[in-house]
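Numbering-wise, this note's numbering comes out as the position in the sequence shown, counting from 1, plus 2.
Glycine included, each C-beta is placed from N, C-alpha and C at the ideal position.
Because the structure is a prediction, the values reported are computed rather than measured.
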Amino acid sequence: MSNDCLLLNGNGKPLSYFPLSTIDWKTSIKLVLTKNVIIIKNHDDWVVRSPSVTVDVPSIIMLRRFHKFQNYVKFSRSNVYLRDMYKCQYCSDIFERNRLTLDHVVPKSKGGETSWENIVTCCNSCNTFKGSKDLKPINKPIKPSFAHLLNGHKLKASDFPDKSWSEYIFST
Ligand SMILES: [Zn+2]
3 MSNDCLLLNG NGKPLSYFPL STIDWKTSIK LVLTKNVIII KNHDDWVVRS PSVTVDVPSI
63 IMLRRFHKFQ NYVKFSRSNV YLRDMYKCQY CSDIFERNRL TLDHVVPKSK GGETSWENIV
123 TCCNSCNTFK GSKDLKPINK PIKPSFAHLL NGHKLKASDF PDKSWSEYIF ST
């Protein structure tokens with residue numbers, strides 16, 4: 003995991019400080035494409051090219067919604083999506099919220115609980131495909147902590163890939 007892009011909560015502050023909420027550039031671009039986040043700033047001199055398009059790599063992005071975290075992370079649809087980074091846990095693709103649903107790994111009909119450990123993010127087509135088949139999600143679902151959601155490193159401005167991160171991280 004890497005720290006290409008700073009991820010801010012809906013209130014404009016980092017989602018977490020220790021560890022700092024950062025994500026790799028591929029995830030950041032996918033999240034932007036799904037409109038789950040707003041671009042605050044792109045990297046000045048970093049673009050990714052495919053044969054047909056050129057895309058600026060985001061440096062700072064902000065979640066459209068404010069996620070409130072306390073000592074525990076509340077179980078909710080939004081927070082499950084966030085834990086899984088909007089990634090379907092069966093096909094590994096990233097989707098917009100309205101194309102996602104929650105899936106019981108062990109189906110309710112077989113006694114599966116509605117809990118962090120048995121619920122994963124699932125796209126509509128995988129959900130239809132899965133039905134009652136015994137498919138395993140790519141990541142075993144766990145109750146998330148800050149450390150789970152985010153990738154850690156010490157807060158040193160000299161480590162930031164973009165100097166402008168400092169104004170979001172060190173301002174109060
Ligand atoms: Zn899927």
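Query: With H, G and I counted as helix, E and B as strand and the rest as coil, what does DSSP make of Val-55?; Result: coil
Query: Helix, strand or coil for Tyr-63, going by three-state DSSP, please let me know.; Result: Before going on, a small fix: residue 63 reads as Ile here, not Tyr. Of the three classes helix, strand and coil, the one that applies to Ile-63 here is strand, per DSSP.
Query: Measuring only the C-alpha atoms, how far is Thr-103 from His-69?; Result: 18 Å
Query: So which residues put a beta carbon under 5 Å from any heavy atom of ligand 1, going in chain order?; Result: Cys-90, Tyr-92, Cys-93, Cys-125, Cys-128
Query: Near Val-122, which residues of its chain fall below 7 Å by C-beta distance, leaving aside the five closest residues on each side in sequence?; Result: Asp-86, Gln-91, Asp-105, Val-107, Pro-139, Pro-143
Query: In angstroms, rounded to a whole number, what distance separates the CA positions of Asp-161 and Leu-35?; Result: 27 Å
Query: Of the choices Leu-17, Phe-172, Lys-89, Trp-118, whose alpha-carbon is the least far from that of Arg-101?; Result: Lys-89
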